[in-house]
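Numbering (the numbering used here), first residue to last: 76 to 380. Just so you know, even glycine gets a beta-carbon here, dropped at the ideal spot from N, CA and C. The next block holds one structure in the form of C-alpha cells; read it before the comments.
Shown next, in the form of C-alpha cells:
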C-alpha cells in the first residue's frame, strides 16, 4: 500500500499532538491510527477525492485541502488572529497546484501555517516518518541478533515493517528510564531515573547516545531531515519518539547502546528494560496519551519540588 503522510506538529507546553493527514493510493483519504491503542484521536474532515491512483500533483492538493480543513475545523482561535482563513486558502491553493516537487509543496504549506504566527505549528514531512520507521525496523532486527535470539534473522515482519510496539495490558511501560534532549545534532541523556535499567548499566546525564542496537542516530537525523524537515521542528519530537520506539520495549529484554561518555570516548552498554515508574493517562480529547511520572519532595526547609 502506498501511503503518504503529512503531519502538523502541534506543541503546547510539554504536550505534543500529531494531526496526521494520510493520502493512500487508490483509496479515499484516511487518518492514521495505531493497531492496538490509538495515541491520536482521529480528526475527521469532508474531502472528496478520486478513487483512482492520484498523481503527485493530485496527492499534494489533497494533502493541502486536508491540512487547511483540519485547521479550519479545529484551530483554537476561530478568528485566526484576524486572518481571513478562506482568503488564505484561495491565495495558497494555486501555488500548491503549480508546485513541481514535494519539497516545494512542503515549503508552501509551511509558509501558509506560518501566517498564524504560532511556534507550536510546523510541518513534518513524510520522509521523516519513513526514515524513522526504517531505522526502528533495523534497530529491532539488530537487537534480536545482538541478543542471540534463535532465528532472529528470519523474524523480520512482512514488507520490512517493524513489529508492533509492545503495550502492556495494564498500561505499564518497560524501558531503560532516561530523559533525552536533542542538543545540536546529538541526542543527550539529561536524566537517569534512580534504580532504573540505565542507572544499573552505568549511564549518566550528559552521555550522548551515538547508536542504538548498532543503528547510528547521526544517520537517522540526517535521513530524517534530508527532504525538507527542519531540525528545529523535530527537536522536541525526536527524543520522545526515540524513547518510545527504540528504548522502551518488552519486559525482560535489553537494548544495546553506544554512548559518548564525559570524555567523548565511545562506550558500549547493555541496558535492561524494567518497569518504569508512572502510568499512562488521558487528559482530554484529541490529545495523545501521556505517560505520567510524578514525584514530590522537600529540597530544604523553604523549597519544595
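Same chain only: Cβ atoms within 8 Å of residue i, ignoring 5 sequence neighbours per side
i           : result
residue 186 : 167
residue 154 : none
residue 274 : 252, 267, 268
residue 367 : 353, 354, 355, 356
residue 279 : 264, 267, 336, 337
Buried versus exposed, by CB contacts within 10 Å (16 or more), residue i
i           : result
residue 380 : exposed
residue 112 : Note on residue 112: pLDDT 42, under 50, position unreliable in the model; the coordinate value appears next. Exposed, because fewer than 16 other Cβ atoms sit within 10 Å of the Cβ of residue 112.
residue 373 : exposed
residue 165 : exposed
residue 234 : Since pLDDT at residue 234 reaches only 43, below the 50 mark, its modelled position is unreliable, and no value is offered.
residue 216 : buried
residue 151 : exposed
residue 250 : buried
residue 377 : exposed
residue 314 : buried
residue 371 : exposed
residue 109 : Bear in mind that a pLDDT of 37 at residue 109, under 50, signals an unreliable position, so the model cannot answer this.
residue 130 : exposed
Same chain, Cβ closer than 6 Å to residue i, five either side skipped, listed in chain order
i           : result
residue 178 : 303
residue 101 : With a pLDDT of only 32 at residue 101, under 50, the local geometry of the prediction cannot be trusted, and the value read off the model is given with reservation. For residue 101, where only same-chain residues beyond five positions count, the Cβ hits under 6 Å are 128.
residue 286 : 333
residue 271 : 252
Enclosing beta strand (DSSP E) for residue i [first to last residue]
i           : result
residue 378 : Here residue 378 belongs to no beta strand (DSSP E), and DSSP marks it neither H nor E.
residue 329 : 329 to 335
residue 137 : Here residue 137 belongs to no beta strand (DSSP E); instead the alpha helix (DSSP H) covers 131 to 149.
residue 261 : 261 to 267
residue 176 : Counting along the chain, residue 176 falls outside any beta strand (DSSP E), and DSSP gives it neither H nor E.
Nonlocal neighbours in the same chain, by C-beta distance under 7 Å from residue i, ignoring five residues either side
i           : result
residue 163 : 187, 190
residue 282 : 264, 334, 335, 336
Contact belief for residue i with residue j at Cβ below 8 Å, rounded distance in angstroms
i           : j           : result
residue 325 : residue 348 : 7 Å
residue 301 : residue 202 : 7 Å
residue 256 : residue 323 : Not a contact, Cβ separation roughly 17 Å.
residue 184 : residue 199 : At roughly 11 Å, the Cβ-Cβ gap does not stay under 8 Å, so residue 184 and residue 199 are not in contact.
residue 206 : residue 298 : 4 Å
First and last residue of the uninterrupted alpha helix (DSSP H) at residue i
i           : result
residue 172 : 160 to 173
residue 297 : 292 to 299
residue 212 : 201 to 221
residue 255 : No alpha helix (DSSP H) holds residue 255; the beta strand (DSSP E) holding it covers 253 to 258.
Exercise for review: Determine contact between the region 290 to 303 and the region 353 to 361, defined as no fewer than three beta-carbon pairs at a distance below 8 Å.
Suggested key: no
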